[in-house]
Structure formats: structure tokens, C-alpha cells
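Protein sequence lines, in the order shown, are assigned to chains A and B. Counted from 1, the first sequence has number 116 at position 132 by the numbering used here; the numbering is strictly sequential. Counted from 1, the second sequence has number 907 at position 205 by the numbering used here; the numbering is strictly sequential. Report on one structure; see the data block that follows.
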Amino acid sequence: MKNNLFIVVVGCGRVGARLANRLSREGHSVVVIDADEATFNDLSPDFSGFRVDGDATEIAVLKEAKVNEADVLIATTHEDNVNLMVAQVARKIFGVARVLARVFDPKREEVYARLGIETICPTSVAVEMFLRAISDEVSPQGEIQP
Amino acid sequence: MKVLIVGGGRTLYFLCCNFTAKGYEVVIINRNRDECVQLARQLSATVVCGDGSDAGILKDAGAMGADAVLAVTPNDQDNLVICQLASLQFGVARVIALANDPDNAEVFEKLGVSAFSTTRIVGSLIEQRASMEQITNLLPVGEGRVNVTEIVLDAQSPVAGKILKDIDLPENALIAVVIRGDQPIIPRGDNDLLAGDRVVLITLPENHGPVLKAFTGEER
């Protein structure tokens, strides 16, 4: 990854805030958008990026965050549909090169993969991790074999 | 015709009344259980309780065989995703989303979903009623390559009292409808125009000005 990217993080919840802190610490220019100003308290004191207070499904808010200049946009709000909408708007209207959306519902994830939207599904990831953890523990002893 | 409507409130209720009166088969998807019970009592429509942006719920509501899906929830992001799922996953030919934020109407169109903004429609209706201007641009068609314009003829209009075939209309212009009182008339050459008539014109942008001049007599 290039050293100084302009990255917009949508949603400043647990994931969004941690992500923004890490990216900022790694030297990237970060803008965080959240409709609830109080969530910005979760950003670390050394977070050097900008905060935009607003609803990212409004195009005016995305403009304020200068999404048109962004290299990367990551949509991490707790609402799948918000993430999917913001990701598409960033990709297709603002021409952001790399766009990622968090999508909890695996069914929705499949459809949007077809639309060229890169998604990360915490549900599928967690399932995979659990399965892997179990099989790592179990198979060496050979207790469970199909 | 089978129509699937996702949303709630009075808009949905009256839309649904309208559709069922026309004999359409209507299925409603609403998230609120109490509202679902109300709707099922009041309307002769099938009501499905659930999240309309969930593919499973859309399937239960019969999205597969629907002719049209209308998403009129108060959340733009939901309306977009509902329409995209309906069209991409269930192959619904006609999907229409309400854009609560008027700016999102264009956003949705660019993302391949037909959209309308109530705010914008009501706004333009009010302007139309309130303005003293005789001319109203109704809508641009074909990415603005065709104009549909309504003109109210006054007594000074050079065409008032004339028969259509005697009017010297510039090229590429058509009088589509004449509304006299409450009566719409699709005019032929031997129809006349009177002061007070509302004339709906179809023009191309290049001769829009001259055509308006022919009707109002004024330079624009």
C-alpha cells in the first residue's frame, strides 16, 4: 500500500474508529464521516484526520468529505444498505478507485459482488474463523473424522 | 399486473387503494408488525411483514413473478437496495425508488434504478400553480433532447381563434394535447385553439424558442 493515501472511512463505530486510528497512525490522510458526532470520541487523541458530521447517504455530505479526491473509501456503518449505497456512489459517481463495504448479510454480499462492489462480510468471516479454529484443534488428534 | 410495494404510511395506503381499484394484484412489504395488521385489515392486498431489502422476504412476497417493484420507505439506502435486489436477483422488469433526498433521484438513475422525488414533484406543482407565467416546462425527455411544454393561451395569443391547419408552426414541433376546461383533446388539423386553452407542445431544443413565440407572440 502506498504510504500516503487519502482514505474516507464512513461510520465511526467500533470498526470505523479503530480502522481510522490505525490508518491515520500509518501516515494516511483520513476523513471519518458519521451522523452521530458523539462517536468521534472513540478516535484516539493522536488521530490526525478530519471528522465530518453528517449522513453519508446525502451526496452533499460526501462532497464535504471530498470523496471525489479519495483514493480509497471504506463503508463500515452498522447498516448494510447504507454501506452498499455509499460504496456505489463513491465508485460510480465520484470515481473512487478502491471501494470496500462491510455487509453483514451474506445473501446481499453475493448480489453486490456482481455489481463490482468489493465487500467484507463479518458474518462469513466469523463462521470461517470458528470452523478453522475447531478443525485446527480437533483434527490433529483425529477425534472427529468424516 | 402484479405490483410489489415496500414501505408504509399514507402514501403507501393510497397508492395501494389506487392499484387494487384498477384490478392489480398488490403485495405490500412492511417492517412494522402493527402497521401490517392495520394494512391487512384495510386493504385487499397481501401483506408481508419483514425487511424488504432482505432477499428472503422479497422471495416470500413473490418478487420472482412481479411486474413492478416500488420502494417507498423513508430511507433512501433501503429503497436503492430493494430495487437493485429486485432487478438483479429476481429479474423484475420495472423497479422504481422513492428518493427522499431530492439529490438522490439523479444518484439512483446513475446507479441504474428509476427514481422519483416527491419533494421535487410537489415543488414543481406548486410553482406551476403559483406562477403567473403562461409557460411551464413539463419534462425533458430523452436526456433533454425533447421538451414537453405546457402553454396557457391568452386572448393576445396569435393562435387564439385559429384552426390548427392554418397555424404556421416551425418545423419539429407538435401540438400533442389541448386541454379545454377539464376536457383533454388530441387535436387534428380542423380543431381550433381558443384563449384559455392549455396546449401541450412537444419541441426539440433548437426550435423551442421560435415555437413558443408562435404561441405567445412574445420574443423569448
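The beta-carbon is built from N, C-alpha and C at its ideal position, and this holds for glycine as well.
B/L841 and A/R9 have their alpha carbons spaced roughly 51 Å apart.
Look at B/L876 here: in three-state DSSP terms it is strand. Across the structure, A/G33 and A/R75 are spaced so that their CA atoms are roughly 22 Å apart.
B/R733 and B/G710 have their C-alpha atoms spaced approximately 9 Å apart. Shown in chain order are the members of the region 751 to 778 of chain B whose Cβ falls below 9 Å from a Cβ of chain A: S755, D756, A757, G758, N777, D778. Looking at the DSSP output, B/K704 bridges to B/E727. Taking C-alpha positions only, B/F917 is separated from B/R822 by approximately 28 Å. Leaving aside the five residues that flank B/I707 on each side, the residues in its chain whose CB is nearer than 7 Å to its CB run, in chain order, L714, L717, C718, V728, I730, L772, V774. Boundaries of the beta strand (DSSP E) harbouring B/T851: 848 to 854, taken from the DSSP string. Residues of chain B with a Cβ closer than 9 Å to the Cβ of A/R86 do not exist; the shortest Cβ-Cβ separation is about 14 Å. In the DSSP assignment, B/F792 falls within the unbroken alpha helix (DSSP H) covering 778 to 792. Within the region 30 to 49 of chain A, contact with chain B at the beta-carbon level (separation under 8 Å) is assigned to T41, E42, I43, A44.
The continuous alpha helix (DSSP H) containing A/R(-2) extends over residues -2 to 9. Each of A/R98, A/A85, A/L3, A/L57 was checked against the Cα of A/F24, and the nearest Cα belongs to A/L3. When DSSP states are grouped into helix, strand and coil, A/V70 belongs to the helix group.
Going by beta carbons, A/T103 and A/V80 fall outside the 9 Å limit. Nearest CB-CB separation between A/I58 and chain B: not below the 9 Å threshold. Taking C-beta separations shorter than 7 Å and ignoring five residues to either side along the sequence, the partners of B/F810 in its chain run L782, A799, A801, A817, following chain order.
For a Cβ distance threshold of 8 Å, residue set D64, N65, L68, M69, R92 of chain A lies close to B/V783, ordered along the chain. Take the alpha-carbon of B/R900 and the one of B/V850: they are about 13 Å apart. Taking a C-beta cut-off of 9 Å against chain B, the contacting residues of the region 95 to 108 of chain A are V95, Y96, R98, L99, listed in chain order. Residues of chain B whose Cβ lies closer than 7 Å to the Cβ of A/V73 are, in chain order, V809.
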